[in-house]
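Numbering (the working numbering), first residue to last: 153 to 370.
Cβ coordinates follow ideal geometry from the N, Cα and C atoms, glycine included.
Note that the coordinates shown come from a computational prediction; the quantities given were computed from them, not determined experimentally.
Encoded as structure tokens, the structure appears first; notes follow it.
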Amino acid sequence: MLTLTLALSKGRIFDETLPLLAAVGIVPIDNPETSRKLIIETGQAGTSVVIVRAADVPTYVQYGAADLGIVGKDVLLEHGGEGLYQPLDLEIGRCRMAVATRRGFDLAGMMQRGARIRVATKYVKTAREYFAAKGIHVDLIKLYGSMELAPLCGLADVIVDLVSTGNTLKANDLVAVEDIMPISARLIVNPAALKLKRVRVQPLLDALVRAIAARRAQ
Ligand code: PRP
């Protein structure tokens, strides 16, 4: 039997991923939240999930270590999407990528003066492309989390980060000043797996399309 391996991460989109997978008949037999196992079989014969860091999901799928993966568009943009088929917007994990500053910070004035702006972010590629397209000179500072702290400690003038409820910004007296793009989770597929395992992959894609439509209609 052809096996299928799906790469997932326990990050931001995980809570919404499990119900979507359940709707297409994929239910991990151990709870990935509590289990220390990294390869978890599912109730569907021949289908397993592997639990990796969000930023590693595209890599596992690109190299065929996993046939499919579920990953935020934010992560996918940083990866570049090379060697990945991206057939579906899963419409979960919705949030937006935004530029944020301390409340009252005069970003417009800084830009008018042509001053270089220090931008702290996990999303350096996206941030670089965004500011370059606007013709704004920036110094990018790569961080791996808690971006909100950077303007508070004087590490950066602005951050580029995901905003969902806006609670984290609010709690740290920051405000979103520009929206960069909407973000949601995507299904990614290894192109070779799509061809060689089409009998298994295609029905899963079809079932996901139906589950997404049903969710939208709720
Ligand atoms: C994201 C993002 C913000 C927060 C925004 O972090 O980096 O910190 O969520 O959510 P809110 O608008 O609902 O407050 P995440 O929890 O994904 O962890 P991270 O810091 O590892 O990126």
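What residues in its chain sit with their C-beta under 7 Å from that of residue i, if we drop five residues either side in the sequence?
i, result
"Pro180", "Ile192, Thr194 and Val201"
What residues in its chain sit with their C-beta under 6 Å from that of residue i, if we drop five residues either side in the sequence?
i, result
"Asp331", "Arg248 and Ala250"
Span of the alpha helix (DSSP H) holding residue i?
i, result
"Asp241", "Asp241 -> not in any alpha helix (DSSP H); beta strand (DSSP E) instead, spanning Tyr237 to Asp241."
"Leu356", "Arg350 to Ala369"
"Asp376", "In the structure as shown, the chain begins at 153 and stops at 370. Residue 376 is therefore absent and cannot be evaluated."
"Met262", "Leu259 to Gln264"
"Pro184", "Per DSSP, Pro184 belongs to no alpha helix (DSSP H) and is neither H nor E."
"Leu154", "Looking at the DSSP string, Leu154 is not in any alpha helix (DSSP H), and its letter there is neither H nor E."
So, at 8 Å on beta carbons, what are the nonlocal neighbours of residue i in its own chain, with the 5 sequence-adjacent residues on each side left out?
i, result
"Leu360", "Leu172, Val176, Leu240, Leu242 and Leu339"
Residue i lies in the beta strand (DSSP E); which residues open and close that run?
i, result
"Pro171", "Element bounds for Pro171: not the beta strand (DSSP E) but the alpha helix (DSSP H), Phe166 to Ala175."
"Val204", "Val204 -> no beta strand (DSSP E), and no H or E assigned at all."
Are the beta-carbon atoms belonging to residue i and residue j less than 8 Å from one another?
i, j, result
"Leu158", "Gly245", "no"
"Ala366", "Val312", "no"
"Ala308", "Ile293", "yes"
"Leu154", "Lys349", "yes"
"Thr273", "Met299", "yes"
"Ile302", "Leu295", "Reading off the sequence shown, one finds Ala at residue 302, where the question assumed Ile. It is a contact, given that the beta carbons lie within the stated cut-off."
"Gln214", "Leu236", "yes"
In whole angstroms, what is the alpha-carbon distance linking residue i and residue j?
i, j, result
"Val310", "Ala252", "6 Å"
"Arg362", "Pro355", "11 Å"
"Gly297", "Leu326", "16 Å"
"Tyr212", "Pro343", "13 Å"
"Asp219", "Leu156", "6 Å"
"Phe257", "Lys322", "15 Å"
"Met333", "Lys225", "10 Å"
"Gly261", "Val271", "16 Å"
"Ala99", "Val353", "Absent from the structure is residue 99, since the part of the chain shown begins at 153 and ends at 370."
"His231", "Lys189", "26 Å"
Less than 8 Å between the CB atoms is what I'm expecting for residue i and residue j, so what's the real figure, rounded?
i, j, result
"Ala206", "Gly163", "4 Å"
"Asn324", "Leu346", "So it is not a contact: roughly 43 Å between Cβ atoms."
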